[in-house]
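Going by the numbering used here, the first residue of the sequence shown is number 2, and it counts up by one from there.
What follows is a short report on a single structure.
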Amino acid sequence: MPKRTSASIARKAQAKAEADFATWLMMAKLGGFDDLPTDAQSWLMNYRTRLEKMSEANATSATTRELYVQYYADMGGEGDPPEMASIAEPARNNVVDLKNARVARSSRATDSSTPARPKRALSPFLIFAGMVAIIAAIKFAFG
2 MPKRTSASIA RKAQAKAEAD FATWLMMAKL GGFDDLPTDA QSWLMNYRTR LEKMSEANAT
62 SATTRELYVQ YYADMGGEGD PPEMASIAEP ARNNVVDLKN ARVARSSRAT DSSTPARPKR
122 ALSPFLIFAG MVAIIAAIKF AFG
């Protein structure tokens, strides 16, 4: 079995830390705090104490960072884990915020290297006209 590199372990640990923390936080906000595992509850309690001392963004970042460090060690990472920002940059290029989804969708369509096909705005009209002609011909022939 090939040995995983520290970069791949770091990416997996970071993704797991961000996903787990977001899930736990959402479950707690929806009233499911008691249903969470005890370790998740302790992480959320640490987050809550951080919120009293710092902003929400900083508290979230600090908690996710500590969770990442723990996951990195649990997954077999050796030494100090790489910084989270250096790992996250390639993945963030594909993320689209809901606020910018419409703009991103239109920019992706224009960014493609394949030539755009011309729109066929006349096609439905031609189908309709053809059907009317066929119906008129049938009525004329059998009517």
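Cβ atoms here follow ideal geometry from the backbone N, Cα and C, with glycine treated the same way.
Quantities reported herein were computed from a predicted structural model and do not represent experimental measurements.
- Rounded to whole angstroms, the gap between the alpha carbons of residue 66 and residue 13 is 13 Å.
- With distances taken between CA atoms, residue 73 lies nearest to 17 out of 54, 53, 17.
- Here DSSP, grouped into helix, strand and coil, assigns residue 38 to coil.
- In this structure, the CA atom of residue 6 is about 56 Å from the CA atom of residue 123.
- Residue burial is scored here from C-beta neighbours: residue 29 has at least 16 other C-beta atoms within 10 angstroms and is therefore classed as buried.
- In the DSSP annotation of this structure, the continuous segment of the alpha helix (DSSP H) that includes residue 21 starts and ends at 7-30.
- With 16 or more other CB atoms across the displayed protein chains lying within 10 angstroms of its CB, residue 10 is buried.
- Spatial neighbours of residue 83 in its own chain (CB-CB distance under 6 Å, excluding positions within 5 residues in sequence) are listed in chain order as 11.
- Between residue 69 and residue 60, the gap from beta carbon to beta carbon reaches 8 Å or more.
- For residue 44, the closest alpha carbon among the candidates 56, 31, 62 is that of 62.
- Ranked by Cα distance from residue 8, the first of 140, 81, 126 is 81.
- Taken atom to atom, the span from the alpha-carbon of residue 32 to that of residue 50 is near 19 Å.
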